[in-house]
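Sequence positions in the sequence shown follow numbering that gives the first Met the number 0 and run 0 to 244.
Cβ atoms here follow ideal geometry from the backbone N, Cα and C, with glycine treated the same way.
Just so we're clear, the structure is a prediction, and the values are computed from it rather than from any experiment.
Contents: one structure, followed by commentary.
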Amino acid sequence: MHDRAELEHKIKKLEQELAQKSDFISIMVHQLRTPLAALKWTFKMMLDGDLGSMTETQRGIVARGLDSSNQMIHLLADVSAANHVSDWTMHLNPEPMDPVPCIASIVKEFSEEAKSKKINLSFETNEPLPRVMADRERACLVLQNLIENAIKYNRPGGSAIVRAEVFREKLVVSVHDTGIGIPLPEQKNIFSKFFRAENAKSHDKGTGLGLYVGKQIIEGMGGAMWFESEMGIGSTFFFSLPLTK
Ligand code: ADP
Numbered sequence: 000m001h002d003r004a005e006l007e008h009k010i011k012k013l014e015q016e017l018a019q020k021s022d023f024i025s026i027m028v029h030q031l032r033t034p035l036a037a038l039k040w041t042f043k044m045m046l047d048g049d050l051g052s053m054t055e056t057q058r059g060i061v062a063r064g065l066d067s068s069n070q071m072i073h074l075l076a077d078v079s080a081a082n083h084v085s086d087w088t089m090h091l092n093p094e095p096m097d098p099v100p101c102i103a104s105i106v107k108e109f110s111e112e113a114k115s116k117k118i119n120l121s122f123e124t125n126e127p128l129p130r131v132m133a134d135r136e137r138a139c140l141v142l143q144n145l146i147e148n149a150i151k152y153n154r155p156g157g158s159a160i161v162r163a164e165v166f167r168e169k170l171v172v173s174v175h176d177t178g179i180g181i182p183l184p185e186q187k188n189i190f191s192k193f194f195r196a197e198n199a200k201s202h203d204k205g206t207g208l209g210l211y212v213g214k215q216i217i218e219g220m221g222g223a224m225w226f227e228s229e230m231g232i233g234s235t236f237f238f239s240l241p242l243t244k
């Protein structure tokens, strides 16, 4: 049996070690990024002919170098994002908040982006909605990611609809889109760290972290996150939040 003080001491020590490791990764990512960027631009200058002409064979080899350095730059971005996952999911601070102004302002924030991609983005609700218990900053992050995805994995002329309603003593927020959908065999993996469905990879860039982090944040606040999707037809992502007592 550990007594409470001993346990607390151990947890503190582990947290310190974790923070040190996280700092080390941040420094490493930063140190690797600079020479990699230099490498990338060197390959690019060669391909653009800035350093003189090349044979087709030489161009092929340099192009492979450029591809590899781009891949490594993306990998570093993923490592850096994963390193910050715990910053987003730990130490949640739920407090009573009014959901409507918050949702409306995020929808407004994305309206220009949606317009430029010819997606009709809207927010539907039957006001008034009750207050919820949520960490405002993190809840916003989750909704931002869902709206971003509804625009990103959509097609010109498509739509994205954000809805909010009370269901079984919880507030349920949903983001519906008429986009590319998620292939059925891959649906079980959608909340896994770094997972990206095959049809998404050819559609747009991403890290496969947003949904993983989002689900942890929502569950950490006493809610749930789930989705429905049909390949080629669209998807709806839902999350619930507890109401204030
Ligand atoms: P990212 O968008 O950076 O890849 P996410 O964690 O937000 O990361 O999403 C993980 C994967 O889930 C995406 O790569 C995509 O395959 C799928 N996905 C998420 N949202 C949608 C959506 N609205 N429509 C279709 N696929 C989606």
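For the beta strand (DSSP E) that residue i lies in, which residues bound it at each end?
i      : result
LYS204 : Segment: none, LYS204 is in no beta strand (DSSP E) and carries neither H nor E.
ILE24  : Per DSSP, ILE24 belongs to no beta strand (DSSP E); it is in the alpha helix (DSSP H), 3-46.
GLU164 : 158-166
SER239 : 233-241
MET132 : 131-133
GLU94  : 94-96
ARG71  : One point to set straight first is that residue 71 is Met, not Arg, in the sequence displayed. Not the beta strand (DSSP E): MET71 falls in the alpha helix (DSSP H), residues 55-82.
GLU123 : 119-124
HIS90  : HIS90 -> no beta strand (DSSP E), and no H or E assigned at all.
SER191 : Careful: SER191 lies outside any beta strand (DSSP E) and carries neither H nor E.
SER52  : Here SER52 belongs to no beta strand (DSSP E), and DSSP marks it neither H nor E.
LEU128 : LEU128 -> no beta strand (DSSP E), and no H or E assigned at all.
LEU170 : 169-176
For residue i, which option in the options has the closest C-alpha, if you only look at C-alpha atoms?
i      : options                        : result
LEU210 : GLU108, PHE236, GLU227, GLY222 : PHE236
VAL212 : LYS12, GLN143, LEU13, ASP47    : GLN143
ILE232 : PRO100, PRO182, PRO129         : PRO182
SER85  : LYS169, LEU208, ARG32, ALA113  : LEU208
SER67  : ALA81, LEU140, LYS39, THR54    : LYS39
ARG135 : ILE60, SER121, MET96, THR124   : MET96
GLY178 : GLY156, VAL165, GLU126         : GLY156
ASN125 : LEU74, GLU5, ASN92, PRO98      : PRO98
GLU197 : LEU145, PHE226, MET230, LEU242 : MET230
LEU145 : PHE238, ALA76, GLN15           : PHE238
GLU123 : ALA159, LYS214, PHE194         : ALA159
LEU75  : THR33, GLU108, ILE60           : THR33
ARG162 : SER121, ARG63, LYS204, HIS202  : SER121
GLY222 : GLY205, ARG137, HIS8, ALA199   : ARG137
SER173 : LEU91, ASN92, PRO93, ASN148    : ASN148
LEU140 : PRO129, HIS175, CYS101, GLU164 : CYS101
MET44  : ALA62, THR56, GLU227           : ALA62
LYS187 : LYS204, GLU16, GLY219, SER228  : SER228
Less than 8 angstroms between the CB atoms is what I'm expecting for residue i and residue j, so what's the real figure, rounded?
i      : j      : result
LEU240 : MET89  : Contact doesn't hold; Cβ gap of about 18 angstroms is too wide.
VAL28  : VAL106 : Contact doesn't hold; Cβ gap of about 33 angstroms is too wide.
ILE35  : LEU65  : Residue identity check: residue 35 is Leu in the sequence provided, not Ile. Not really, about 11 angstroms apart at Cβ, beyond 8 angstroms.
ILE245 : LYS116 : Nothing can be reported for residue 245: it is not among the residues displayed for the chain, which extend from 0 to 244.
SER25  : ASN82  : 6 angstroms
LEU242 : ARG130 : 7 angstroms
In the DSSP assignment, find the alpha helix (DSSP H) that holds residue i and state where it starts and stops.
i      : result
VAL110 : As written in the sequence, residue 110 is Ser, which differs from the Val given in the question. Its alpha helix (DSSP H) spans residues 110-115.
GLU229 : Here GLU229 belongs to no alpha helix (DSSP H); instead the beta strand (DSSP E) covers 224-229.
LEU210 : 209-219
Open item on the list: So, does the region 154-171 touch the region 183-196, judging by three or more C-beta pairs under 8 angstroms?
Closed with: Contact fails: fewer than three Cβ-Cβ distances are below 8 angstroms.
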